[in-house]
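Colleague: Protein chains in written order, with full-length UniProt numbering: chain A, 1 to 338; chain B, 1 to 338; chain C, 1 to 338; chain D, 1 to 338. Glycine included, every Cβ here is placed at the ideal spot set by N, Cα and C. One structure, as structure tokens, below. Some questions next.
4 protein chains.
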Amino acid sequence: MTVRIAVAGASGYAGGELLRLLLGHPDVEIGALTAGGNAGAPLLAHQPHLLPLADRTLVETTAEHLAGHDVVFLALPHGHSAALAARLGEDTLVVDCGADHRLTDARSWERWYGGEHAGSWPYGLPELPGHRDALRTTRRVAVPGCYPTVSSLALAPAMGLVEPEVTVVAVSGTSGAGKAPKPNLLGSEVMGSLSAYGVGGAHRHTPEIAQNLSAVAGEPVGVSFTPVLAPLPRGILATCSATLKADAGDVRAAYEEAYADEPFVHLLPEGHWPTTGAVLGSNAVLLQVTVDHDLNRLVVVAAVDNLAKGTAGAAVQCMNLALGLPETTGLSTVGVAP
Amino acid sequence: MTVRIAVAGASGYAGGELLRLLLGHPDVEIGALTAGGNAGAPLLAHQPHLLPLADRTLVETTAEHLAGHDVVFLALPHGHSAALAARLGEDTLVVDCGADHRLTDARSWERWYGGEHAGSWPYGLPELPGHRDALRTTRRVAVPGCYPTVSSLALAPAMGLVEPEVTVVAVSGTSGAGKAPKPNLLGSEVMGSLSAYGVGGAHRHTPEIAQNLSAVAGEPVGVSFTPVLAPLPRGILATCSATLKADAGDVRAAYEEAYADEPFVHLLPEGHWPTTGAVLGSNAVLLQVTVDHDLNRLVVVAAVDNLAKGTAGAAVQCMNLALGLPETTGLSTVGVAP
Amino acid sequence: MTVRIAVAGASGYAGGELLRLLLGHPDVEIGALTAGGNAGAPLLAHQPHLLPLADRTLVETTAEHLAGHDVVFLALPHGHSAALAARLGEDTLVVDCGADHRLTDARSWERWYGGEHAGSWPYGLPELPGHRDALRTTRRVAVPGCYPTVSSLALAPAMGLVEPEVTVVAVSGTSGAGKAPKPNLLGSEVMGSLSAYGVGGAHRHTPEIAQNLSAVAGEPVGVSFTPVLAPLPRGILATCSATLKADAGDVRAAYEEAYADEPFVHLLPEGHWPTTGAVLGSNAVLLQVTVDHDLNRLVVVAAVDNLAKGTAGAAVQCMNLALGLPETTGLSTVGVAP
Amino acid sequence: MTVRIAVAGASGYAGGELLRLLLGHPDVEIGALTAGGNAGAPLLAHQPHLLPLADRTLVETTAEHLAGHDVVFLALPHGHSAALAARLGEDTLVVDCGADHRLTDARSWERWYGGEHAGSWPYGLPELPGHRDALRTTRRVAVPGCYPTVSSLALAPAMGLVEPEVTVVAVSGTSGAGKAPKPNLLGSEVMGSLSAYGVGGAHRHTPEIAQNLSAVAGEPVGVSFTPVLAPLPRGILATCSATLKADAGDVRAAYEEAYADEPFVHLLPEGHWPTTGAVLGSNAVLLQVTVDHDLNRLVVVAAVDNLAKGTAGAAVQCMNLALGLPETTGLSTVGVAP
């Protein structure tokens, strides 16, 4: 079986990573590559690392150009997915890397993004309890945000064992901020500097993390989330902590059990700590857990490639599930290091 | 008045930064420059940025070489300061950039560093309540650790307003780890990667932060501290949070009041966030505070140059105090950016 | 004597570096700070490292705002200097960090920059033979380009000793490209990557290097110049080479003699090689020379901070000369490292 | 067919990259992984990015451990290959990533490396005229150095069209210097700095480049080679130039013809310039050529991943040739960007 795929937003970072992964996927044929302002340009001008697609030209992001493919990946700014998806046919698998269909609560959507809620789609984090089965049968997938991916996987096994308020400080490379040129994202600004943003619960990924953890915990979970920008292109390292309940028991065992059969989530042996360098380009999430006994506080450190498992890798993983392919097809747990 | 100074450990990063600052200090004459294994080498081989000292040679770190100076800066591995200081004369101002005399509690010292406690010296963070006066009359100064400097200044004004358990995740450049070559500090390893270390309360700066905050709070303060290594040479960005007490009142006002007269601690205008790039080479600490109202949690972000205000700048500031010079002499709040 | 200065283009990188240096200059009072599109904004929004100027607001770049100062520094895109300078009065010292008045040959200007040549001003590289005296009496200074500064100083002493064709490959940090956000200057693009630009003699600094070297050589010197962009904010490392004439003699001696009395140009001892890290924020130029005996080819490596001695430091140095101040006032040969 | 391979030096950078590529090679089974001082450690401690090999332990580098494999890759310091290879059996394919068997001239070996020359093996750069066929039948391969790979491919098509003296300035990431911790390779030292080394024809890759180009040119070619260290882990960007002969003709056409059928060497369309970011992890070499008409000088810019096509990718490519597999098996021209 070969499926024909299209990528909307092919000139951006998520689009480029999707294509990088799909070029290595044995069951995929790459069809239309669309863009907004960059339509008409050769793909190579925007994705010089994708040599096998050197003869391709970007076309405009329209339903017409995206029609006629088995799978359509959307890597667009938020607010654009619903209308496009509505015109793509119900049997087309639409995998949305944007935020439009992640939040289940309409009021939450309105608070954090503004405008009307387009409704929620099955959430593309198969490793969270209850999600994988839904992904096997859907034709619509909402790929999680990069911070929610790493934070939710880092903390989900602890739900029920910790008090329902967690702290997450996640340090990220710059590609998560996208390719639109902004002064604060210039190399001269980010190299040699660290900065926090969206502090105090102001980042839009906060409600998404809370939604995930609350669903696992079965009670509302408060999330204190702070993202920090660091001078590297890719990678997120999340430090997550929460106070253990008195009867928490063996939390490490909870993590071992939760991820024993997961191909992409690896609890490292004791004494080893995650680094983002080890997951560059890989679909793996690396975890380590420990307990600060002075405070009876669980601390989990997790590393992910924000563009791979954090975005495009998850999208491919969900495509595999939805198409009935082996979940790991075209994905790797081998990073590019150093 | 010109004071003659010596630097022990002049080939390392703290030593180099001390010399960089002292070369711009109008009241200082630079005397002996000592080293351990690097003794005998030209200073330029280890500090190529200190051109005005290009004719200097490193001599061995001995009490004899350090004697005869008005001020001796020690930038040595821990465990070496007490014996040297004992041989330097009581009227010599000894400023120790190492950890030996920071902790006041002997049992805490033994737990975290091992070996016998050498006793505590006046703690070189004049901006913490109660410390400046002690520094004006001492001949012995314990310069704070870099993480405790930024964390303590970030949270001290909130003591009493928050529950006595704080979370600090501090992202740091690599120079804090020193100049001894270790595989994990190679450029190839740190560029493009993020890593956490000393997780779960295992870093030696944890008790120092707790000591500072507990003294301000007047009650024991629990500190969940995680350092993260990021790919830049200098700078620490600390994200600090704690749950506000019900009657906390206006926390921003508390910060404004605490630092209104401090020359080096700057609470930024609302809407501006600290970056480490803005304090490169400067003695400033930049702060911003906010409240996550969903959680009633205070979040403070603070930036410092770990080698400047985090180590060598603090040492010079304390020297100024102890010598009766204006506290800001030879120090600057101007960073080198970009 | 206190001179009152203004900076046009104060929100950019050259403007920021000028202000950083001028804040440390004992004879200067900082007056108007002007900008184009950023006029009206607080300076701190664009130069967060200049805390002593935290209360300043950017005003529009007009002759009216710039009038009434003893010295006006222009850090503007090319083409804007002549008209402004004409309205500033002949006794105002105008120091132009832009390109408008560097080239002496009108046809060369038209070829490389287009438009009408505004005429040439005394060239602000006092270390080149014949330039220092002219700078002592002028009220107009053309500050050299960053690449021409380092390349010309690297090769000038060899003129006459080498065949009149030189090769320069200069690796540069990103700040030389300015602060205007362009996709190829995003942190995500420049970190982890190297790129060449203006290859094949297409960079506008080529004729400026040739002008300098030809003047020293007394014959036309061909310059093969290639700039390479590397992932760091500041610094240029130039590798310069040329074939030695048969009777070249002791080239090292030529360099020693040329720079023996120069405060900012340092020929390193044999066996030491320049690094840009050693000159970060400093006004020094570091040189090393060697001969490839297999090819009878001179190779010179030179390091400079493109924003400091490469732009703003040179501007301050020229101001000092023109005002009759000691040439090194407010400038340093101490770098910020690591 | 599945071939069983061993890697000697599996804890280093070249060894890690070999394993990364071989894990994606469909015809390979990974056998013994050997090391020197790191023998006994889990592979994961040194190669945390190779999760599929997380259960492997490093064993000592001995002929016994390497015996019994179809292919043995040697990624060892120079001087160790010949003795090991002699004990591995003539039908074992030995692919040496070290320098021992690259130089054909014994006197040249003695001058540049010292000690006795171990003899030369077929040189693993199939894209150079005359080499591919020899690689199809050999059981011994000398993988080229990283700088010679990119420099030779950049200049080979111009041989005969240019005067026989070329200038190469190649900017490199730090991984080429290996994993042994040295002070000058610390992250704190390399980030934010540029440095040249081996200047003046002192780098051991100089004679290897000259050997390659002289063979193509049919006359001795002088090589002025300067490597520059830049702050990134991987990648080499080489700027190569030479004076064109009077009758050079269309040099671009020469490059187009030379590489028309090469799967890994890509001459970019006019107006596009190579970046190392585009070849991260890929086996591609990107080239662009231009002529500086003012000087009648050819300038070629080339980008390569020093660990991939520059070392381990070439090794796998040569293994494919020697085993009669399709040359591109397990190798990709897709980079990981940004």
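Given a cut-off of 7 Å, decide if Val169 (chain B) and Thr243 (chain B) are closer than it, judged by their beta-carbon atoms.
Modeller: no
Colleague: Is it a yes or a no for the region 249 to 256 of chain C touching the region 151 to 162 of chain C, going by three-plus beta-carbon pairs under 8 Å?
Modeller: Touching, yes.
Colleague: Is it buried or exposed for Asp100 (chain C), if we count other Cβ within 10 angstroms and need 16 for buried?
Modeller: buried
Colleague: Compare the C-beta of Leu50 (chain B) against all C-beta atoms of chain C and say whether one is closer than 7 Å.
Modeller: yes
Colleague: Against chain B, does Glu110 (chain A) count as a neighbour if the rule is that its beta carbon must be under 7 Å from one of theirs?
Modeller: no
Colleague: What residues from the region 207 to 239 of chain C come within 8 Å of chain B, judged by C-beta to C-beta, listed N to C?
Modeller: Those would be Pro233 and Arg234, in chain order.
Colleague: Classify Asp105 (chain A): buried if its beta carbon has 16 or more other beta carbons within 10 angstroms, exposed otherwise.
Modeller: exposed
Colleague: Look up Gln288 (chain D) in the DSSP assignment and give the residues it is bridged to.
Modeller: Paired residue(s): D:Val301.
Colleague: Grouping DSSP H, G and I as helix and E and B as strand, with all else coil, what is Asp96 (chain B)?
Modeller: strand
Colleague: Please tell me whether Pro263 (chain B) has its Cβ less than 7 Å away from any Cβ of chain C.
Modeller: no
Colleague: Under a Cβ-count criterion, where at least 16 other Cβ atoms within 10 Å of its own Cβ denotes burial, should Lys179 (chain D) be classed as buried or exposed?
Modeller: buried
Colleague: By a C-beta neighbour count over all protein chains shown, 10 Å radius and 16 as the cutoff for buried, is Ala26 (chain B) buried or exposed?
Modeller: In the sequence under discussion, the amino acid at residue 26 (chain B) is Pro, which differs from the Ala named in the question. So Pro26 (chain B) counts as exposed.
Colleague: List, from N- to C-terminal side, the beta strand (DSSP E) runs of 3 residues or more that fit wholly inside the UniProt domain "Semialdehyde dehydrogenase NAD-binding" (4 to 136) of chain B.
Modeller: Positions of the beta strand (DSSP E) runs, each at least 3 residues long and wholly inside the UniProt domain "Semialdehyde dehydrogenase NAD-binding" (4 to 136) of chain B, are given as 28 to 35, 71 to 74 and 93 to 96 in order along the chain.
Colleague: Do the CB positions of Ala312 (chain B) and Ala14 (chain B) come within less than 7 Å of each other?
Modeller: Cβ distance < 7 Å, so Ala312 (chain B) and Ala14 (chain B) count as in contact.
Colleague: Using 8 Å as the threshold, is the region 217 to 232 of chain C in touch with the region 184 to 195 of chain C, meaning 3 or more CB pairs across them?
Modeller: yes
Colleague: Is Arg252 (chain D) helix, strand or coil by DSSP?
Modeller: helix
Colleague: Do Leu74 (chain B) and Pro52 (chain B) have their CB atoms nearer than 7 Å?
Modeller: no
Colleague: Between C:Gly281, C:Leu286, C:Gln317 and C:Asp294, which has its C-alpha nearest Gly335 (chain C)'s C-alpha?
Modeller: C:Gly281
Colleague: Strictly below 7 Å CB to CB, what residues from chain B border Ser175 (chain C)?
Modeller: Pro338
Colleague: Which residue wins for smallest C-alpha separation from Met319 (chain D), given the options D:Ala217, D:Arg111 and D:Leu125?
Modeller: D:Leu125
Colleague: Since Val289 (chain C) contacts Val304 (chain C) with CB under 8 Å, what's their CB separation in whole angstroms?
Modeller: About 16 Å separates the two Cβ atoms, so there is no contact after all.
Colleague: Judging by CA-CA distance, which residue of D:Pro148, D:Pro42, D:Leu18 and D:Val199 is the nearest neighbour of Gly271 (chain C)?
Modeller: D:Val199
Colleague: Compare the C-beta of Leu43 (chain A) against all C-beta atoms of chain D and say whether one is closer than 7 Å.
Modeller: no
Colleague: Looking at His46 (chain D) and Ser11 (chain D), is the spacing between their C-beta atoms short of 7 Å?
Modeller: yes
Colleague: Per DSSP, Phe225 (chain C) forms a beta bridge with which residues?
Modeller: C:Val168
Colleague: Hey, Thr61 (chain A) and Gly36 (chain A): beta-carbon distance below 7 Å or not?
Modeller: In this structure, Gly36 (chain A) lies closer than 7 Å to Thr61 (chain A) by Cβ.
Colleague: Kindly confirm or deny that the region 77 to 96 of chain B and the region 116 to 135 of chain B touch, where touching means at least three C-beta pairs closer than 8 Å.
Modeller: yes
Colleague: If contacts are defined as beta-carbon pairs under 8 Å, then Ala8 (chain D) and Leu84 (chain D) qualify, I think. What distance do you get, rounded to the angstrom?
Modeller: 7 Å
Colleague: For the ligand NAP, any of its heavy atoms closer than 6 Å to the Cβ of His131 (chain A)?
Modeller: As presented, the structure is devoid of all ligands, the ligand NAP included, so that no description of it is given.
Colleague: Can you find a C-beta in chain B that's less than 7 Å from the C-beta of Ala35 (chain C)?
Modeller: So no, Ala35 (chain C) is outside the interface.
Colleague: Out of D:Leu50, D:His49 and D:Arg56, point me to the one whose CA is closest to Pro42 (chain D)'s CA.
Modeller: D:Arg56
Colleague: From the DSSP output, in three-state form, read off Ser214 (chain B) for me.
Modeller: helix
Colleague: Between the alpha carbons of Trp273 (chain C) and Gly89 (chain C), how many angstroms are there, rounded?
Modeller: 45 Å
Colleague: Would you list the one or two residues that DSSP bridges to Ser241 (chain D)?
Modeller: D:Thr167 and D:Val299
Colleague: Please decide whether Arg297 (chain B) counts as near chain A, where near means a Cβ-Cβ distance under 7 Å.
Modeller: yes
Colleague: Pick helix, strand or coil for Leu153 (chain A), following the three-state DSSP scheme.
Modeller: helix
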